[in-house]
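Enquirer: Below is the structure I would like to discuss, written out as structure tokens.
There are 2 protein chains.
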Amino acid sequence: MKPFQKDFYIQEDKMYVATDCVIFGFDEGNLKLLIFKRRVKPLMGTWSLIGSFVKLDEDVKEAAKRVLKEITGLENVFMEELKTYGTTFRDPGYRTISIAQYALIRIGEYDKELVERHGAHWYDIEDVPDLVLEHNQMVKDALLRIRRKARYKPIGFELLPEKFTIPQLQKLYEAVYHKEIDSRNFRKKVLSLNVLVKLDEKDMSTSRRGAFLYKFDRKKYLKLQESGFNFEIA
Amino acid sequence: MKPFQKDFYIQEDKMYVATDCVIFGFDEGNLKLLIFKRRVKPLMGTWSLIGSFVKLDEDVKEAAKRVLKEITGLENVFMEELKTYGTTFRDPGYRTISIAQYALIRIGEYDKELVERHGAHWYDIEDVPDLVLEHNQMVKDALLRIRRKARYKPIGFELLPEKFTIPQLQKLYEAVYHKEIDSRNFRKKVLSLNVLVKLDEKDMSTSRRGAFLYKFDRKKYLKLQESGFNFEIA
DNA sequence: ACAAAAGTGTTTCTAATACACCCATGG
DNA sequence: CCATGGGTGTATTAGAAACACTTTTGT
Chain R
1302 MKPFQKDFYI QEDKMYVATD CVIFGFDEGN LKLLIFKRRV KPLMGTWSLI GSFVKLDEDV
1362 KEAAKRVLKE ITGLENVFME ELKTYGTTFR DPGYRTISIA QYALIRIGEY DKELVERHGA
1422 HWYDIEDVPD LVLEHNQMVK DALLRIRRKA RYKPIGFELL PEKFTIPQLQ KLYEAVYHKE
1482 IDSRNFRKKV LSLNVLVKLD EKDMSTSRRG AFLYKFDRKK YLKLQESGFN FEIA
Chain P
1302 MKPFQKDFYI QEDKMYVATD CVIFGFDEGN LKLLIFKRRV KPLMGTWSLI GSFVKLDEDV
1362 KEAAKRVLKE ITGLENVFME ELKTYGTTFR DPGYRTISIA QYALIRIGEY DKELVERHGA
1422 HWYDIEDVPD LVLEHNQMVK DALLRIRRKA RYKPIGFELL PEKFTIPQLQ KLYEAVYHKE
1482 IDSRNFRKKV LSLNVLVKLD EKDMSTSRRG AFLYKFDRKK YLKLQESGFN FEIA
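Chains as they are written, first to last, in the numbering used here: chain R, 1302 to 1535; chain P, 1302 to 1535.
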């Protein structure tokens, strides 16, 4: 394949561009990270984020989504660029610039069989082992990013199932910010934003009484944004 | 030069990595952008951000600082990665991923002669012409970024001279957020943060009475950060 | 003496925080 | 009937926003 007729920049240096993905999940009150064993030389076999080289005729995000689907079976996942990591000799294999992404997935929905087959594992975020290159830094940076971002964008909902309870949502925020939140104030604030729809169903799995399920209403949220209102939780 | 002994990834695709810099300045109450005429084919001669290809043995930020110095004479400038722009066929010259940066410079300090010699110009931010590739998008994104960032980091001071007055600072925030701010509330808030040092000097250039000059105290700011306090202006 | 920008205080209102009890249910 | 997590209301406090006049000084 020859996507470009002519190379206008032939006197400049070419290098590899890769993308690595910090994949977050949320389960049983804990933030989790999906990592796997590196499949290419050098450093083959060490723990690593999921990543890939970017092909000449492929967008960076496309590449990231490709590997994410390959390993989890998931498509249409929330994913956003974090930043690039590409100091000169970071990668002993050759000059490679990695564009890190972070993704938020609903941990109940991924393809377990696929994940296992690729040697991938979910790790508690507090508990991540040493990763290849500066992937630990990427994780750290990604966590800071979602902490900041979750204050003004409703990204938390990307980690929960479609239907969730208020206590679940609270546990998520508690895990992200690593601190306890007063449940009365939390509920008050979340509901006052008016972006949740209460359903007639209850989740009976965590208490005898059951907790009402809610859905995030994207349309209401967009209206809220338009009106200049400031979305802010926790 | 041959910075790498061996290329482990030879079966993958190599491409160009560039960096473009959204350079902001602040003058006479207006946010300004430094742009210049593109010096390489294709699209030579069209308005463009200042940028460069990244060399094999050069960090991305290094490359950005190199061109910034080349054109403005400035070093030690505030610069931060914005995000990457690298869709497949965005650059007709060849597949190129650009890592956009934004820089904040003190507009009084750059080397005017150098800037002119490179055909660079300061444009009012409201008034930027059509730029090459998706550089207009980069400018837009950078502006959004500094708007968000200025709420919790003291980046505004990077755009002002070492010594500045409160009214000047206010005008800067007014330009960034494009709205008027009540001067009493602004002054109260800024001073309550306790990161400014009042000097014994006055700036007499804008009024008969003169306005006291202040300096931003980075040490006080760091202490503020440590104490978990939330820096927030405007 | 006046024009023009710098500087100063108080009141009002809104939103964050702190805090304790009742509810519903399955076992 | 009781243990467990779900759900509700109020008082206090802190900070944001609104608002108008006095000061200084070169001309």
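Glycine included, every Cβ here is placed at the ideal spot set by N, Cα and C.
(1) Can you have a look at Pro1455 of chain R and say buried or exposed, based on whether 16 or more other CB atoms are within 10 angstroms of its CB?
(2) Report the three-state DSSP secondary structure of Thr1389 of chain R (helix, strand or coil).
(3) Give the DSSP-derived three-state secondary structure of Gln1526 of chain P in the structure shown.
(4) Any beta carbon from chain R within less than 9 Å of Phe1517 of chain P's own beta carbon?
(5) In whole angstroms, what is the alpha-carbon distance linking Arg1448 of chain R and Lys1521 of chain P?
(6) Check whether chain P comes within 9 Å of Lys1441 of chain R, counting only Cβ atoms and requiring the distance to be less than that.
(7) By the three-class DSSP mapping on this structure, what secondary structure does His1422 of chain P have?
(8) Taking a Cβ distance cut-off of 7 Å, strictly less, list which residues of the segment 1348 to 1368 of chain P are near chain R, in chain order.
(9) So, using beta-carbon positions, are Glu1313 of chain P and Lys1384 of chain R closer together than 9 Å?
(10) Mind checking His1479 of chain P: buried by the 16 CB within 10 Å criterion, or exposed?
(11) Please list, in chain order, the chain P residues whose beta carbon lies closer than 7 Å to that of Thr1388 of chain R.
(12) Suppose the cutoff is 7 Å on Cβ atoms and the five residues either side in sequence are ignored; what does the same chain contact list for Phe1517 of chain P look like?
(13) Considering only residues of the segment 1427 to 1466 of chain P, which uninterrupted alpha helix (DSSP H) runs meet the minimum length of 4 residues and lie entirely inside it, listed in chain order?
(14) Using 10 angstroms around the beta-carbon of Asp1412 of chain R, count the other beta-carbons present and answer buried if the total reaches 16, otherwise exposed.
(15) So what does DSSP say about Ala1404 of chain P, is it helix, strand or coil?
(16) Report the three-state DSSP secondary structure of Ile1274 of chain R (helix, strand or coil).
(17) According to the neighbour-count rule (16 or more other Cβ atoms, all chains shown, within 10 Å of its Cβ), is Val1394 of chain P buried or exposed?
(18) Between the segment 1311 to 1335 of chain P and chain R, which residues of the former have CB atoms less than 7 Å from a CB of the latter, in chain order?
(19) Looking only at its chain, what residues have a beta carbon closer than 8 Å to the beta carbon of Ile1398 of chain R, apart from the 5 residues adjacent to it on each side?
(20) Got a sec: is the Cβ-Cβ distance from Phe1309 of chain R to anything in chain P below 9 Å?
(21) Going by beta-carbon coordinates alone, are Glu1359 of chain R and Thr1373 of chain P separated by less than 9 Å?
Expert: To lay it out plainly:
(1) Taking the first residue of the first sequence as 1, we reach residue 1455 of chain R at position 154. So Pro1455 of chain R counts as buried.
(2) What you label residue 1389 of chain R is simply residue 88 of the first sequence in a count that begins at 1. Coil, per DSSP.
(3) Your numbering for residue 1526 of chain P matches position 225 in the second sequence. It is helical.
(4) Here residue 1517 of chain P refers to the residue found at position 216 of the second sequence. Not an interface residue.
(5) Working through the first sequence from its first residue, we reach residue 1448 of chain R at position 147. Working through the second sequence from its first residue, we reach residue 1521 of chain P at position 220. Using only the alpha carbons, I get a separation of about 25 Å.
(6) Looking up residue 1441 of chain R in the first sequence gives position 140. For Lys1441 of chain R, the closest Cβ of chain P is not nearer than 9 Å.
(7) To locate residue 1422 of chain P, count along the second sequence from 1; it is residue 121. His1422 of chain P: strand per DSSP, three-state reduction.
(8) Phe1354, Lys1356, Leu1357, Asp1358, Glu1359, Asp1360, Val1361
(9) In the second sequence, residue 1313 of chain P corresponds to position 12, counting from 1. In the first sequence, residue 1384 of chain R corresponds to position 83, counting from 1. No; because the gap between Cβ atoms is not below 9 Å, this pair is not in contact.
(10) As a position in the second sequence, residue 1479 of chain P is number 178, starting the count at 1. So His1479 of chain P counts as exposed.
(11) Position 87 of the first sequence, counted from the start, is the residue given in the question as residue 1388 of chain R. By Cβ distance, chain P contributes Asp1360.
(12) Translated into the one-based positions of the second sequence, residue 1517 of chain P becomes position 216. Taking Phe1517 of chain P as the centre and dropping the five residues before and after it, the same chain places the C-beta of Pro1455, Phe1458, Val1496, Leu1497 closer than 7 Å to its C-beta, in chain order.
(13) 1436 to 1450
(14) In the first sequence, counting from the first residue as 1, residue 1412 of chain R sits at position 111. By the neighbour-count criterion, in which a residue is buried when 16 or more other Cβ atoms sit within 10 angstroms of its Cβ, Asp1412 of chain R is exposed.
(15) Looking up residue 1404 of chain P in the second sequence gives position 103. Reduced to three states, the DSSP call for Ala1404 of chain P is strand.
(16) Outside the modelled stretch of chain R, which goes from 1302 to 1535, sits residue 1274 of chain R, for which no answer is possible.
(17) Within the second sequence, numbered from 1, the residue matching residue 1394 of chain P stands at position 93. Before going on, a small fix: residue 1394 of chain P reads as Gly here, not Val. Under this definition Gly1394 of chain P is a buried residue.
(18) Glu1313, Asp1314, Lys1315, Met1316, Tyr1317, Val1318
(19) Numbered from 1 along the first sequence, position 97 holds the residue referred to as residue 1398 of chain R. Closer than 8 Å at Cβ, skipping near neighbours: Met1316, Tyr1317, Val1318, Ala1319, Thr1385, Tyr1386, Gly1387.
(20) On the first sequence, residue 1309 of chain R is found 8 positions in, with the first residue counted as 1. At least one chain P Cβ lies under 9 Å of Phe1309 of chain R.
(21) Taking the first residue of the first sequence as position 1, residue 1359 of chain R is located at position 58. Taking the first residue of the second sequence as position 1, residue 1373 of chain P is located at position 72. Going by C-beta atoms, Glu1359 of chain R is not nearer than 9 Å to Thr1373 of chain P.
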